[in-house]
Every structure is written in C-alpha cells, then in structure tokens.
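Numbering (this note's numbering), first residue to last: 51 to 381.
Every residue, glycine too, gets a C-beta built ideally from N, C-alpha and C.
Model, not experiment: these values are computed from the prediction.
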Amino acid sequence: MAPRLEFYDRRPAPADFLAEVLEGLSGPQKRLPPKFFYDSRGSELFEAICATPEYYPARAEAGILRRYAPEIAAVAGHGGVLIEPGAGNLGKVRLLLECLRPAAYLPMDISGDHLGVAARGLAAEYPWLSVQAICMDYSRGLDRLDGLGGADLGEGGKKIVFFPGSTIGNFEPSKAARFLWQAARLAGPGGGLLIGVDLKKDPDRLHRAYNDAGGVTREFNLNLLFRINAELKADFDPERYYHYAFYHARKGRIEMHLVSRGAQEVRLASRRLKFADGESIHTENSYKYTVGEFEALARGAGFRAVKCWTDAESLFSVQYFEAVGQSVALE
Ligand SMILES: C[S@@+](CC[C@H](N)C(=O)[O-])C[C@H]1O[C@@H](n2cnc3c(N)ncnc32)[C@H](O)[C@@H]1O
Numbered sequence: 051m052a053p054r055l056e057f058y059d060r061r062p063a064p065a066d067f068l069a070e071v072l073e074g075l076s077g078p079q080k081r082l083p084p085k086f087f088y089d090s091r092g093s094e095l096f097e098a099i100c101a102t103p104e105y106y107p108a109r110a111e112a113g114i115l116r117r118y119a120p121e122i123a124a125v126a127g128h129g130g131v132l133i134e135p136g137a138g139n140l141g142k143v144r145l146l147l148e149c150l151r152p153a154a155y156l157p158m159d160i161s162g163d164h165l166g167v168a169a170r171g172l173a174a175e176y177p178w179l180s181v182q183a184i185c186m187d188y189s190r191g192l193d194r195l196d197g198l199g200g201a202d203l204g205e206g207g208k209k210i211v212f213f214p215g216s217t218i219g220n221f222e223p224s225k226a227a228r229f230l231w232q233a234a235r236l237a238g239p240g241g242g243l244l245i246g247v248d249l250k251k252d253p254d255r256l257h258r259a260y261n262d263a264g265g266v267t268r269e270f271n272l273n274l275l276f277r278i279n280a281e282l283k284a285d286f287d288p289e290r291y292y293h294y295a296f297y298h299a300r301k302g303r304i305e306m307h308l309v310s311r312g313a314q315e316v317r318l319a320s321r322r323l324k325f326a327d328g329e330s331i332h333t334e335n336s337y338k339y340t341v342g343e344f345e346a347l348a349r350g351a352g353f354r355a356v357k358c359w360t361d362a363e364s365l366f367s368v369q370y371f372e373a374v375g376q377s378v379a380l381e
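Right, here's the structure in full:
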C-alpha cells in the first residue's frame, strides 16, 4: 500500500516574524513568543530536552499514553479524524495509532521542514492512514483549517483534537481558554479533546526540569537569538545573554528568560535596541495546573470532562474531554 500523504504549507511570512519580534522587543518588559523557538534547530533541541534525565514531562506523558492507549481508544472511538496542533516529531501519536485507528491524521506545526520530514516517515510507516500535514501558526486561529483539502476533515466522522506535550501551558490562561474554545469549535459537538497537562508539584522538581545539568534547555533558549540573527539580520551576541528559568509559585508557572550580561545595544532591521545590565527578554511561560483547575478551564470553553489519567507519581496528566457545544462567545 502506498503512503497517503498531503502537505499544506501555510508557514508565516518572514515579514510577520520581523513585525512580531520588533513588537515583542519594544515594550517595557521585552518578550518573544515561544513559537519562535521552533526553527529546525529549535525542534531538534526540543527533542534533546525531552531526552534529558531532568525533563520528566515527556517520559511521564509517553508512559501514560502507552499504558492507557486501549482506554483512550474506548472513550475516543475508532475511525475518526485526529487533529494534532504543535505535533513536533509525531512521536506521541505513534503510541495511539494502532489502538485508535483513525481514518485521517492532521498534524500541524509551525516548524515546517521538521514537520515535513516527520510526516513522510509516519505516512510510510502507517500506509493505512491518510496523513494531511499542515505547516501553520495555530495562534492565528485553529479554524484556519477550514477549506483545507481532504473531504476527511468535513466528513470523516468524529474529530479528536490531540494536544500533548503540555504545550497548553505555554498560553496565558485567558489565551488557553480561547485556544480551547477554538478546539471545541473545531471538534464540534460530540468531538473530543485529548490533552497533556503538566501538574503542580514540588518547585525544586520543576526547577531542575527547566535547568538541566547538560545545558540543553539553555541552548534551546539561546537558539532564539541565533535564529533572529540568521533570519532577520540582527547582531545579537548570544554569549552575552544567560538562560534564566524559575518557578513563580503564585502564578503557577515556570518563566524562562534571556538576561543581558552588561549593558549592550543590538541592531535589528533598521532599529537599535538597548539592553540594560540584567534586563531580560521573557521567552516562555509554562503554566502548571491541578486536574481540577484544568477541568474548570476546559469546562468554560465548552468541554465536559470524561476521563483523566496520571502517572504513578502524579507528575503529569492526560485528560479526555467531550465538546458539548458552546454557550459562551469568546470571539
Ligand atoms: C512543547 S513542543 C511539543 C511537541 C510535541 N507535541 C510533543 O508532545 O513532543 C511544542 C510544539 O508546538 C509547535 N508550535 C509552537 N507554537 C506553535 C504555533 N503557534 N503554531 C504551530 N505550531 C506551534 C512547536 O513547533 C513544537 O513542535
């Protein structure tokens, strides 16, 4: 059987990248959206983070998916359309495919070249599956999927949005609510959401996960500056920034920053940006939830909690929700 693969390239234009970077670096607290971590090198470094001994979320989540795949299939059903925003290397879905047996799989990611390679590999490995990979920025709306190719999306039966990797933690809670609302609309009444959510825990454990001894997370964070230099002709000296990640207990989130070593000036397009000694660029948040907190967030977006699985240490959760129709207008 020949692989069944389509690839839709809707990657953001370089001008959009420049505009967002300039905007992010113009406020009193400089910030850059975490989606910009993921050029091909960034995607490789994220995979390397997942393999570090300190980064428990990837292993805990994979363990849950492997162990409970039959139960997940029992609630999610077979033969539907599986839609995965931020699909990365498509490693997690492999743990489900044989049990779930969807008719179609739609991985989407902003890191287009990385997605293309991963999707070709997956389609070759699972020739019974229709794979429709989409390079896109889901922060512009999950509903940009409308009108894309395959009759599968419209007519292929129940839709399940699969969102592992605790990527939902990268959204501010209000934006997470909006994203979930869009996911509920995409899934439609009776559709599902299978989502990986990292749980609140001992801050020391969290701190170690984002400050691995091998310095991979540091390299991932600094890659953002290498990428901006390469794609936007800036002249950041990455050696003059250090990686800083800590758990902000009151906000329930890991914050990741790049902190300037000394006062410095950087050229970016036609602008010169000033950094004071110790000034930071806030590059990522990773919110942690209790199971109850996350269920409440999803309920507000139009989902009903169906089932929650955790690992033996309760470090991580995989939660299944059913879309029940939306009474609250968020858009
Ligand atoms: C934390 S990683 C998780 C990867 C994978 N789901 C996993 O569980 O291993 C986040 C993924 O989402 C993608 N991503 C981040 N922001 C995105 C955006 N705005 N639009 C599309 N993909 C995005 C990244 O390229 C990356 O592959």
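beta-carbon residue i near ligand 1 non-hydrogen atom, thresh 8 Å
| i | result |
| --- | --- |
| N220 | yes |
| E94 | no |
| A137 | yes |
| K3 | Residue 3 lies beyond the range of the chain shown here (51 to 381); nothing can be said about it. |
| A108 | yes |
| I304 | no |
| E111 | yes |
| P30 | Nothing can be reported for residue 30, as the shown portion of the chain is limited to 51 through 381. |
| S330 | no |
| T102 | no |
| G207 | no |
| D187 | yes |
Exposure label - residue i; buried when at least 16 CB within 10 Å
| i | result |
| --- | --- |
| Q79 | exposed |
| A201 | Confidence at A201 is low in this model, with a pLDDT of 41, below 50, so the placement of that residue should be treated as unreliable; the coordinate-derived value is given next. So A201 ends up on the exposed side. |
| H307 | buried |
| M51 | exposed |
Enclosing alpha helix (DSSP H) for residue i [first to last residue]
| i | result |
| --- | --- |
| A112 | 106 to 126 |
| W178 | Unbroken run through W178: none, as it is neither H nor E. |
| I99 | 90 to 100 |
| D248 | D248 -> not in any alpha helix (DSSP H); beta strand (DSSP E) instead, spanning 242 to 248. |
| P253 | 253 to 259 |
| L272 | 266 to 282 |
CA nearest to the CA of residue i, picked from the options
| i | options | result |
| --- | --- | --- |
| R317 | K338, V266, L275 | L275 |
| I210 | A233, F325, N273 | A233 |
| F87 | P223, N271, F221, Y188 | N271 |
Residue i - containing beta strand (DSSP E), residue span
| i | result |
| --- | --- |
| M366 | In the sequence as displayed, the identity of residue 366 is Phe instead of Met. Residues 366 to 373. |
| L82 | Here L82 belongs to no beta strand (DSSP E), and DSSP marks it neither H nor E. |
| F296 | 291 to 298 |
| R160 | One point to set straight first is that residue 160 is Ile, not Arg, in the sequence displayed. Counting along the chain, I160 falls outside any beta strand (DSSP E), and DSSP gives it neither H nor E. |
| P223 | Not the beta strand (DSSP E): P223 falls in the alpha helix (DSSP H), residues 223 to 237. |
Any non-hydrogen atom of ligand 3 within 8 Å of residue i CB
| i | result |
| --- | --- |
| K142 | Ligands in the displayed structure: ligand 1; ligand 3 is not one of them. |
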